[in-house]
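Structure first, then comments.
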Amino acid sequence: MRRKLAAGNWKMNGTSADLGQIEALAAAHSGAISEIMIAPPHTLLHRASEFTKTGPITLGAQDCHKRESGAHTGDISADMLLDAGASYVILGHSERRTEHDEHDEDVRGKARAALKAGLRVIICMGEELEEREADNTLDIIGGQLAGSIPDDISGETLVVAYEPIWAIGTGKVPTIAQISEVHDFIRARLAKRFGPQVARSIRLLYGGSVKPANAAEIFAVDNVDGALVGGASLTAQDFSPIIAALDAS
Ligand code: PGA
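Quick note on this note's numbering: the sequence shown kicks off at 13 and runs consecutively.
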């Protein structure tokens, strides 16, 4: 059975003053059924690992380089993230694709490096509003799936996050039918490529304006195994009810 995953992406938010949020979450959810992952900025990983050594929370990073080391000023390698306490890395987030011109082949290269280092990967994909309105969503997702995911994955090491770009940070959420259609499509495509058994074990997250108020409804959708949460993961007060909704789903 797939273990549900509540993943928090802090993006470029958080300083040491915010470590208390992770400490509070760990204390509040010591008996969590779901897995909880927080991806703080790189600068907090090592210190955050103090609160995640024994509790229910695992740590993730928000990006990594495709090379193991070398002359790449300002970049960070998968090994470094693992060393700092991460066990996941989020790759191909739409903000990376847009702001850093990352394409599917870049994401795939980074994913290979992360898997080689021993990290699990959360690979993100999603359509623009114009693509949805033109009825191209499944084509876009199909292309991103084929291009971003390397061949050597397993149900243990790969998580896929469907994040419609127009829903990220906007308060807009697709309909339940739209979420369901895309998640079913992703599962079917994964089955075609990796076989039904592997596809059944890969967790599929929905992301984009997940809040305490809409979480339960989204988690009731078949093939939604959790969420990738941005804004509402920044405080324990907001993230906690989302985790509780996932535990109850
Ligand atoms: P949001 O971000 O929850 O703030 O919409 C989601 C994400 O970008 O992962």
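Beta carbons: idealized from backbone N, C-alpha and C, even for Gly. None of the values given here were measured: they were computed from a predicted structure.
Reduced DSSP category for residue i - H, G, I as helix; E, B as strand; rest coil
| i | result |
| --- | --- |
| VAL210 | helix |
| GLU47 | strand |
| THR70 | strand |
| GLY238 | strand |
| VAL133 | strand |
| GLY32 | helix |
| LEU103 | strand |
| ARG120 | helix |
| VAL185 | coil |
| VAL194 | helix |
Alpha carbon of residue i to alpha carbon of residue j, nearest angstrom
| i | j | result |
| --- | --- | --- |
| VAL89 | ASP147 | Per the sequence shown, the amino acid found at residue 89 is Ser instead of Val. Whole-angstrom Cα-Cα distance: 38 Å. |
| LEU131 | GLY154 | 24 Å |
| SER166 | LYS204 | 14 Å |
| ALA83 | GLU143 | 38 Å |
| ALA189 | PRO253 | 23 Å |
| GLY181 | GLU175 | 11 Å |
Contact check, residue i vs residue j, beta carbons under 8 Å
| i | j | result |
| --- | --- | --- |
| GLU139 | ILE177 | yes |
| ALA239 | ALA256 | no |
| PRO224 | ALA211 | no |
| ILE161 | ARG120 | yes |
| ASP75 | LEU127 | no |
| ASP196 | LEU17 | no |
| VAL172 | LEU103 | no |
| ALA40 | ALA248 | yes |
| ARG79 | SER213 | no |
| LEU93 | LEU56 | no |
| PHE63 | GLU35 | yes |
| GLY159 | ASP113 | no |
| GLY67 | SER42 | yes |
Residue i classed as buried or exposed, judged by whether at least 16 other C-beta atoms fall within 10 angstroms
| i | result |
| --- | --- |
| GLU47 | buried |
| GLN33 | buried |
| ASN25 | exposed |
| ALA51 | buried |
| THR149 | buried |
| SER221 | buried |
| ALA260 | exposed |
| GLU111 | exposed |
Closer than 7 Å: residue i CB and nearest ligand 2 heavy atom
| i | result |
| --- | --- |
| ILE50 | Questions concerning ligand 2 fall outside what the structure shown contains, since the ligands it does hold are ligand 1. |
Nearest candidate by alpha-carbon position, reference residue i, set the options
| i | options | result |
| --- | --- | --- |
| ILE191 | GLY181, ASP113, TYR218 and SER28 | TYR218 |
| ALA38 | ARG79, ALA83 and MET49 | MET49 |
| ALA129 | ASN235, GLY181, GLU117 and ASP91 | ASP91 |
| PHE206 | VAL194, LYS184 and LEU170 | LEU170 |
| GLU193 | PHE231, ILE180 and ASN235 | ASN235 |
| ALA29 | ASP259, LEU246, TYR100 and ALA98 | LEU246 |
| THR27 | GLY43, PRO53 and LEU157 | PRO53 |
| SER81 | ARG59, LYS65 and LYS122 | LYS122 |
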